[in-house]
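Report on the structure given below.
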Amino acid sequence: MKKFTVFIVMVIFIVFVYLGYQAAANLKTQSAVGSVPANAATALASTQQNVLLIHVDDLAQAKPKLISVWGFFAYYSTPNQVVFLPLLPSFDPTVQSTMMGRFSLDKNRQVSRDFITALQQKFNIKVTGVVVTDNTGLSFFTSQLTGQTEPVLAAPAETDEQKRLVLTNATFFFQTTCTSVLNKSGDVLTNLDWKQLAPDHFSTTLPFETIMVDRQKLFSSDAVNQCVVLGFE
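Heads up: take any position in the sequence shown, counting from 1, add 450, and you land on this note's numbering.
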């Protein structure tokens with residue numbers, strides 16, 4: 451079922467790609483209507499980010515415990531499109547057990563290649579980057595987005611009820627993020643005090659320059675006109 455959902459996300463992106471390039475062509479010249487550049491596929495591939503957003507309990511611990519994983523799919527075109535997709539925890543006991551068993555971080559707080567590969571194969575996605583944060587980091591992000599100072603105290607979910615709670619809380623967080631992006635209500639990333647986050651509460655494979663470029667694409671005046679948080683059931 452989850453693979454089918456990911457497939458639908460990819461279909462949506464393909465539609466966005468087509469419409470975006472058609473819109474861009476129409477703006478440039480009326481005679482360009484219906485024409486597609488020969489190198490369009492290469493250009494399109496360089497404008498999409500498929501990032502894993504991984505939440506653990508405490509990055510300062512020797513072996514942080516996995517709480518949730520979401521996919522962040524951003525297609526930078528005209529207009530930009532953003533989709534948040536829940537991947538873990540899973541209500542399938544086999545998937546949950548397998549993925550939890552494969553999760554680990556190295557001494558630099560980077561996620562193991564085995565875990566990334568397993569996720570890519572299971573959900574049929576190509577990962578372009580990974581972001582890891584913990585309860586303290588997520589509390590910090592939440593306070594910046596909503597002004598709420600109540601700490602996040604999430605723990606790994608074992609029962610379906612606990613999984614539902616973890617996913618519901620994450621859904622609310624990403625819906626709030628979408629609202630901020632769509633309303634252009636503030637560039638959260640610019641105002642963050644990164645020294646409070648890295649390296650003990652935040653880790654990423656994305657270069658800082660990439661994060662700043664993505665920030666500009668998300669929060670510029672004409673940036674994103676669609677930001678969707680997909681359901682987990």
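Even glycine gets a Cβ: it sits at the ideal position worked out from N, Cα and C.
Nearest-angstrom Cα distance between residue i and residue j?
i: Thr627; j: Leu595; result: 7 angstroms
i: Phe541; j: Phe623; result: 20 angstroms
i: Val532; j: Gln511; result: 32 angstroms
i: Lys557; j: Val663; result: 28 angstroms
i: Thr544; j: Pro657; result: 34 angstroms
i: Cys677; j: Leu632; result: 7 angstroms
i: Asn476; j: Val674; result: Only weak support is given to the placement of Asn476: the predicted model assigns it a pLDDT of 31, under 50, and the value that follows is read from those uncertain coordinates. Whole-angstrom Cα-Cα distance: 19 angstroms.
i: Lys667; j: Asp610; result: 37 angstroms
i: Ile566; j: Glu600; result: 31 angstroms
i: Pro649; j: Asp507; result: 15 angstroms
i: Thr578; j: Ser554; result: 19 angstroms
i: Lys613; j: Lys515; result: 14 angstroms
i: Thr618; j: Thr528; result: 31 angstroms
i: Val561; j: Thr655; result: 9 angstroms
i: Val483; j: Lys645; result: Per-residue confidence for Val483 stands at a pLDDT of 30, beneath the threshold of 50, marking its modelled position as unreliable; the derived number appears in the next sentence. Whole-angstrom Cα-Cα distance: 49 angstroms.
i: Tyr526; j: Gln598; result: 30 angstroms
i: Ser686; j: Glu659; result: There is simply no residue 686 to check, as the chain begins at 451 and stops at 683 in what is shown.
i: Thr629; j: Gln571; result: 31 angstroms
Residue i and residue j look like a contact to me (Cβ under 8 angstroms); what is the Cβ gap, rounded to whole Å?
i: Gly647; j: Leu535; result: As written in the sequence, residue 647 is Leu, which differs from the Gly given in the question. With a Cβ gap of about 24 angstroms, Leu647 and Leu535 do not count as contacting.
i: Ile661; j: Val582; result: Contact flag wrong, Cβ pair sits at about 14 angstroms.
i: Leu509; j: Arg559; result: 6 angstroms
Using CA coordinates, which residue listed in the options is at the minimum distance from residue i?
i: Leu603; options: Val616, Leu632, Asn558, Asp610; result: Val616
i: Ser653; options: Glu659, Val580, Pro543, Phe591; result: Val580
i: Ile517; options: Leu656, Gln676, Gln498, Glu608; result: Glu608
i: Thr548; options: Pro601, Asp564, Ser593, Leu555; result: Asp564
i: Phe573; options: Asn500, Asn675, Val678; result: Asn500
i: Asp584; options: Lys513, Gln498, Val674, Asn675; result: Lys513
i: Gly643; options: Glu683, Tyr526, Phe591; result: This sequence places Asp at residue 643; Gly is not what is there. Comparing Cα-Cα distances from Asp643 to each of Glu683, Tyr526, Phe591, the minimum goes to Phe591.
i: Ile575; options: Leu588, Ser593, Leu537, Glu659; result: Leu537
i: Leu569; options: Ser589, Met550, Pro649, Lys613; result: Met550
i: Gln651; options: Leu555, Gly587, Asn619, Ala524; result: Before going further, note that residue 651 is His rather than Gln in the sequence given. The candidate whose alpha carbon is nearest that of His651 is Gly587.
i: Ala620; options: Lys515, Thr497, Trp520; result: Trp520
i: Asn530; options: Thr655, Lys613, Gln598, Gln498; result: Gln498
i: Phe682; options: Gln598, Glu659, Pro539; result: Pro539
i: Pro606; options: Ser593, Gln546, Ser589; result: Gln546
In the DSSP output, what is residue i paired with across the bridge?
i: Ile504; result: Val519, Val582
i: Thr654; result: Val581
i: Tyr525; result: Gln498, Gln531
i: Leu537; result: Answer is none; Leu537 lacks a bridge partner.
i: Cys677; result: Val532
i: Val561; result: Leu555
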